[in-house]
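Chemist: Residue numbers (our numbering): 400 to 558.
Even glycine gets a Cβ: it sits at the ideal position worked out from N, Cα and C.
In this text, all values refer to a predicted model and were calculated from it rather than measured experimentally.
And the structure:
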């Protein structure tokens with residue numbers, strides 16, 4: 400439980416530890432927190448041999464969006480996201496069948512969002528050499544609040 404507010408009206412916030420499952424629920428419920436109009440269509444999508452895509456979403460224009468995330472800084476997140484992008488591109492007819500009830504604009508390549516508490520300079524440097532897809536980096540911060548963990552998402556500007 401967080402400490403009470405100070406006499407100056409300031410509340411001291413402490414970091415919260417969260418799980419991937421919790422983050423999946425939050426992102427599914429509040430897709431708009433990452434980008435206005437983003438709507439989750441599936442979670443934990445198997446894509447052998449690349450593991451699982453954390454979330455698939457569509458934006459306001461029905462552009463397919465891959466969202467991969469980790470609860471700690473992890474350079475492997477970039478590699479995982481690129482593997483998932485490749486799998487989706489190579490398997491688009493299967494993806495269309497899997498989500499036939501969804502309107503997906505398949506004339507556009509999927510977008511890739513990577514979310515983590517922080518990203519290393521190594522991952523950011525390596526990503527500069529990736530020409531497609533454009534990578535949307537989003538940092539998040541979790542804090543303890545009286546009602547449970549709170550979270551804030553912040554896009555990371557390109558270098």
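Tell me the rounded alpha-carbon separation between residue 521 and residue 414.
Modeler: Position 122 of the chain shown, counted from the first residue, corresponds to residue 521. Position 15 of the chain shown, counted from the first residue, corresponds to residue 414. Looking at the two C-alpha atoms, the distance is approximately 25 Å.
Chemist: Where do the ends of the alpha helix (DSSP H) carrying residue 423 lie?
Modeler: For this step, residue 423 is matched to residue 24 along the chain shown. Unbroken alpha helix (DSSP H) run through residue 423: 419-428.
Chemist: Using the beta-carbon count (16 or more within 10 Å), is residue 488 buried or exposed?
Modeler: Sequence index remark: in the chain shown, residue 488 carries index 89 (1-based). Exposed, by the Cβ-count rule.
Chemist: Check each candidate in 555, 553, 540, 557 and name the one with the smallest Cα separation from residue 417.
Modeler: As a position in the chain shown, residue 417 is number 18, starting the count at 1. Taking only the C-alpha atoms, the option nearest residue 417 is 540.
Chemist: Residue 604 by DSSP, collapsed to three states: which one?
Modeler: The requested residue 604 does not occur in the structure, where the chain is confined to residues 400 to 558.
Chemist: Considering only the alpha carbon of each residue, which of 424, 533, 503 lies closest to residue 480?
Modeler: In the chain shown, counting from the first residue as 1, residue 480 sits at position 81. When only C-alpha atoms are compared, the closest one is 533.
Chemist: Am I right that residue 529 and residue 461 are in contact with their C-beta atoms under 8 Å? What's the rounded C-beta distance?
Modeler: Here residue 529 refers to the residue found at position 130 of the chain shown. Here residue 461 refers to the residue found at position 62 of the chain shown. About 24 Å separates the two Cβ atoms, so there is no contact after all.
Chemist: Going by DSSP in three states, residue 482 sits in which element: helix, strand or coil?
Modeler: In the chain shown, the residue the question calls residue 482 occupies position 83. Helix.
Chemist: Going by C-alpha distance, which of 409, 458, 542 is nearest residue 501?
Modeler: Your numbering for residue 501 matches position 102 in the chain shown. When each option's Cα is compared against that of residue 501, the closest is 458.
Chemist: Residue 618 and residue 454 look like a contact to me (Cβ under 8 Å); what is the Cβ gap, rounded to whole Å?
Modeler: In this structure the chain extends from 400 to 558, so residue 618 is not present and cannot be described.
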